[in-house]
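Here is the structure we will look at, set down as structure tokens.
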Amino acid sequence: MNGTKTVPFPRAGGFPKFHLRNLTQRIGFFFLFLSVMVTVLFLGVLLVFIVARGIQVVNWEFLTQPPREAMTAGGVAPAILGTFYLTLGAILCALPLGVACAIYLVEYTPKSYVVNLIRMSINNLAGVPSVVFGLFGLAIFVKFFNFGVSILSGSLTLAIMVLPSIISASQESLLAVPQSYREASLALGASHWQTIRKVVIPTALPGILTGVILSIGRVAGETAPIIFTAATFYTRMYPSSVFSEVMALPYHIYALMTEGVHADKQAPIAFGCAFILLCLVLCVSAIAIYIRQKQRSKYG
Amino acid sequence: MNRERLYRWIFTALAFSSLFFLVGITVVLFKEGLPVFREVGLFEFLGGKSWYPTYEPPDFGIRPLILGSLWVTVGALFVCVPLGVGTALYLNELAGPRQRAVLKPIVEVLAGIPSIVYGFFGMVLVAPFIQDLFNIPVGQTAFTGSLLLGVMATPTVASIAEDSLSFVPKSFREASFAVGANRWQTLTRVVIPAAGSGISTAIILGMSRAVGETMTVLMVCGGAAVIPDSFFEPVRPMTATIAAEMGETVMGSAHYHALFAIGLILFLITLVFNVVAEIISRRYRLKLGLGR
Numbered sequence: 005m006n007g008t009k010t011v012p013f014p015r016a017g018g019f020p021k022f023h024l025r026n027l028t029q030r031i032g033f034f035f036l037f038l039s040v041m042v043t044v045l046f047l048g049v050l051l052v053f054i055v056a057r058g059i060q061v062v063n064w065e066f067l068t069q070p071p072r073e074a075m076t077a078g079g080v081a082p083a084i085l086g087t088f089y090l091t092l093g094a095i096l097c098a099l100p101l102g103v104a105c106a107i108y109l110v111e112y113t114p115k116s117y118v119v120n121l122i123r124m125s126i127n128n129l130a131g132v133p134s135v136v137f138g139l140f141g142l143a144i145f146v147k148f149f150n151f152g153v154s155i156l157s158g159s160l161t162l163a164i165m166v167l168p169s170i171i172s173a174s175q176e177s178l179l180a181v182p183q184s185y186r187e188a189s190l191a192l193g194a195s196h197w198q199t200i201r202k203v204v205i206p207t208a209l210p211g212i213l214t215g216v217i218l219s220i221g222r223v224a225g226e227t228a229p230i231i232f233t234a235a236t237f238y239t240r241m242y243p244s245s246v247f248s249e250v251m252a253l254p255y256h257i258y259a260l261m262t263e264g265v266h267a268d269k270q271a272p273i274a275f276g277c278a279f280i281l282l283c284l285v286l287c288v289s290a291i292a293i294y295i296r297q298k299q300r301s302k303y304g
Numbered sequence: 063m064n065r066e067r068l069y070r071w072i073f074t075a076l077a078f079s080s081l082f083f084l085v086g087i088t089v090v091l092f093k094e095g096l097p098v099f100r101e102v103g104l105f106e107f108l109g110g111k112s113w114y115p116t117y118e119p120p121d122f123g124i125r126p127l128i129l130g131s132l133w134v135t136v137g138a139l140f141v142c143v144p145l146g147v148g149t150a151l152y153l154n155e156l157a158g159p160r161q162r163a164v165l166k167p168i169v170e171v172l173a174g175i176p177s178i179v180y181g182f183f184g185m186v187l188v189a190p191f192i193q194d195l196f197n198i199p200v201g202q203t204a205f206t207g208s209l210l211l212g213v214m215a216t217p218t219v220a221s222i223a224e225d226s227l228s229f230v231p232k233s234f235r236e237a238s239f240a241v242g243a244n245r246w247q248t249l250t251r252v253v254i255p256a257a258g259s260g261i262s263t264a265i266i267l268g269m270s271r272a273v274g275e276t277m278t279v280l281m282v283c284g285g286a287a288v289i290p291d292s293f294f295e296p297v298r299p300m301t302a303t304i305a306a307e308m309g310e311t312v313m314g315s316a317h318y319h320a321l322f323a324i325g326l327i328l329f330l331i332t333l334v335f336n337v338v339a340e341i342i343s344r345r346y347r348l349k350l351g352l353g354r
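Residue numbers (this note's numbering), protein chains in the order written: chain A, 5 to 304; chain B, 63 to 354.
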């Protein structure tokens, strides 16, 4: 794992005499340690603070009831449901597209300039700011296709945003499938497509799933792309079709903190929403990390 | 064999989707953004000192917004470079397998926290804290934004930098130890220079993330569209402007087009960052003989 472990090296303190360079080393290592600690500490404070304040608010009513009294009481069920629909829609759109793209890149081994072109576009798409995806969704889905501010527009916008990470995750797990599996299948007389469908995809599936699960966390928490394409601050209605606008957890936090007139009553609700969102994202990453660990130990 | 061909065609067509979307985004931003230049000149737009889009007549000068983004991003670099590179070095050079097993997931969790949660945390805890600490009228300042953005970009920097550190061949370290260097000397004079371009790629991508971040800066930077005098004043970065104002504009108005033009500028900035990062990382891989 770590190259330095196998090599005999002079340890700090291993010398009988004082050496300035060993003091430098100690100071340097201390600063590296410090940077890790600051990062961990920040995460700790954030988690403890939001969990401690959020858990006081969250109860059964909070999770299952719609908001009451102009967002100052009641629950956030429509927002939870909205986030669920948006995420589901986005993944349903992005998954087939992303896996297909990865299959093409890995299994059909196109010419290198094609690979480079596609790789370049994936990398650049991954770097586009989320608010710009929102602008694109507004101009294309809301306005041009006239889907309006709706679940459909929001899901499609989020799908494009999350596409690059699904492609990379799928590509990685397809590449990890041993070449001998493909050769064995082809040697038995299976066609190229049969090999992909019956051998390659099933083997790569856990890896693809890990990627998808991690993207769920990302999609569920995104706010900027849905502000103008899907989200609304206040509706007592549950969404009735893909063309309805919805409340969504992340946008709800923003709206509670910046809109409305009862800031003191809205803040606790925002803590509750942040807590739910955080739990969701953490659970989802925990599941992904667990699947990956299991997979690693299987292949060694 | 016809079916095999059909599948090949389908996959080829779908594989170009990301290129298609990238081109689509570019076209949309140009188409919706350029009309604003009928109202104001390009230089007036980029260099104009005041952003009063709803006044009559409106002012569309985005210099305060560009400066807002710049200040916050540069500030974030001061946080994410030491934290991110330090964490990567620690993970790669000092942490044993057990520590790695704990620390790597922590970095991943930090990367997975939604930006709205950082923004919320910044608004309810960090901003009031900074307000008290420095005794300033508002806690929502460029400094607060930089701090949070920096922490948000840290996992990006750390994971990419760590990757590039792990590519440094073992023999480089061994050669350095063999001539009597200690671990710190090996780290600073052999490993870091060898991974240098990988680390710069990490920093550029971290910067790209910071420039494009929206919700956090929207919630903690204060949102004043004026050219700031110091780090402890509110600013309004470009992303925050789009997110805050798009809801209030009339579709097709000059203000609407101006917001798309800001989006276009943001898009081009991040595009340049990504292309530069790509070029550096390709050279780096060639240098270490890793191919591709």
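Even glycine gets a Cβ: it sits at the ideal position worked out from N, Cα and C.
Residue environment, residue i, which counts as buried when at least 16 other CB atoms sit within 10 Å
{"i": "A/Q270", "result": "buried"}
{"i": "A/S289", "result": "buried"}
{"i": "B/F192", "result": "It is worth fixing the name first, because residue 192 of chain B is Ile in this sequence and not Phe. B/I192 comes out buried."}
{"i": "A/C287", "result": "exposed"}
{"i": "A/Y294", "result": "exposed"}
{"i": "B/G353", "result": "Interpretation of B/G353 is limited by its pLDDT of 45, a score under 50 that renders its predicted location unreliable; the figure taken from the coordinates is listed afterwards. Classification of B/G353: exposed, given that the 10 Å Cβ count is below 16."}
{"i": "B/L76", "result": "buried"}
{"i": "B/F73", "result": "buried"}
{"i": "A/H23", "result": "exposed"}
{"i": "B/A272", "result": "buried"}
{"i": "A/K9", "result": "Any reading at A/K9 is ruled out, since the residue's pLDDT is 48, under 50, leaving its predicted position unreliable."}
{"i": "B/T263", "result": "buried"}
{"i": "B/V134", "result": "buried"}
Terminal residues of the alpha helix (DSSP H) in which residue i lies
{"i": "B/P217", "result": "A204 to S228"}
{"i": "B/P126", "result": "R125 to L151"}
{"i": "A/A208", "result": "I205 to G225"}
{"i": "A/A234", "result": "Premise fails: A/A234 is in no alpha helix (DSSP H) and is neither H nor E."}
{"i": "B/T250", "result": "Where B/T250 is concerned, there is no enclosing alpha helix (DSSP H), given that its DSSP letter is neither H nor E."}
{"i": "A/H256", "result": "L253 to T262"}
{"i": "A/P100", "result": "A81 to E111"}
{"i": "A/Q60", "result": "Looking at the DSSP string, A/Q60 is not in any alpha helix (DSSP H), and its letter there is neither H nor E."}
{"i": "B/D194", "result": "A189 to F196"}
{"i": "B/T88", "result": "S79 to G95"}
{"i": "B/I261", "result": "G258 to G274"}
{"i": "A/G141", "result": "S134 to G141"}
Contacts of residue i in chain B (Cβ-Cβ under 8 Å)
{"i": "A/L167", "result": "S79, S80 and F83"}
{"i": "A/I126", "result": "S80"}
{"i": "A/I144", "result": "G86 and V90"}
{"i": "A/K202", "result": "Those within 8 Å of A/K202 in chain B number zero; the least Cβ separation is about 13 Å."}
{"i": "A/L121", "result": "L81"}
{"i": "A/Y108", "result": "F73, T74, L76 and A77"}
Chain-ordered chain A contacts of residue i [CB-CB under 7 Å]
{"i": "B/Y114", "result": "None at all; the shortest Cβ gap to chain A is about 21 Å."}
{"i": "B/L165", "result": "V40"}
Test item: CB-CB of residue i and residue j under 7 Å
{"i": "A/A81", "j": "A/T68", "result": "yes"}
{"i": "B/A223", "j": "B/I261", "result": "yes"}
{"i": "A/P168", "j": "A/A130", "result": "yes"}
{"i": "B/G95", "j": "B/G110", "result": "no"}
{"i": "B/C283", "j": "B/G207", "result": "yes"}
{"i": "B/L211", "j": "B/A287", "result": "no"}
{"i": "A/A94", "j": "A/L139", "result": "no"}
{"i": "A/A228", "j": "A/V135", "result": "yes"}
{"i": "B/S259", "j": "B/I341", "result": "no"}
Interface residues of chain B facing residue i [CB-CB closer than 9 Å]
{"i": "A/G131", "result": "L267, S270, R271, G274, T332, L333, F335, N336 and A339"}
{"i": "A/M261", "result": "G181, F182, M185, V186 and M281"}
{"i": "A/I170", "result": "None at all; the shortest Cβ gap to chain B is about 10 Å."}
{"i": "A/F53", "result": "F183, V186 and L187"}
{"i": "A/P254", "result": "P176, S177, I178, V179 and M277"}
{"i": "A/T214", "result": "Per Cβ cutoff of 9 Å: no residues; A/T214 is ~12 Å from chain B at best."}
{"i": "A/S134", "result": "S177, G274, E275, T276, M277 and T301"}
Neighbouring residues, chain A, relative to residue i (Cβ below 8 Å)
{"i": "B/L96", "result": "What B/L96 touches in chain A: nothing, since even the nearest Cβ is about 13 Å away."}
Partners in chain A for residue i, counting only beta-carbon separations shorter than 9 Å
{"i": "B/W246", "result": "A16, R25, N26, T28, Q29, R30, I31, G32 and F33"}
{"i": "B/R70", "result": "Y108, Y112, H196 and W197"}
Closer than 9 Å between beta carbons: that is the criterion. Which residues of the region 24-47 of chain A meet it against chain B?
Cβ contacts with chain B: R25, N26, T28, Q29, R30, I31, G32, F33, F35, L36, F37, L38, S39, V40, V42, T43, V44, F46 and L47.
In chain order, what residues of the region 136-153 of chain B put their CB closer than 7 Å to some CB of chain A?
From the region 136-153 of chain B, only P144, L145, G148, T149, L151 and Y152 have a Cβ closer than 7 Å to chain A.
Against chain A: residues of the region 298-313 of chain B by CB proximity under 8 Å
Those would be T301, I304, A305, M308, G309 and M313, in chain order.
Taking Cβ-Cβ distances below 8 Å as the criterion, which residues of the region 224-243 of chain A are in contact with chain B?
Here the close residues are A224, G225, E226, T227, A228, I231 and F232.
In chain order, what residues of the region 255-266 of chain B put their CB closer than 8 Å to some CB of chain A?
The region 255-266 of chain B vs chain A, Cβ under 8 Å: nothing.
Contacting positions in the region 173-197 of chain A - beta carbon closer than 9 Å to chain B:
Answer set for the region 173-197 of chain A: S195, H196 and W197.
For the region 281-295 of chain A, which residues have a CB atom closer than 7 Å to at least one CB atom of chain B, in sequence order?
So the list reads L281, L282, V285, L286, S289 and I293, given in the order they occur along the chain.
Return the residues of the region 195-228 of chain B that lie within a Cβ-Cβ distance of less than 9 Å from chain A, sorted by chain order.
Using a CB distance below 9 Å, the part of the region 195-228 of chain B facing chain A consists of V213, T216, P217 and A220, ordered along the chain.
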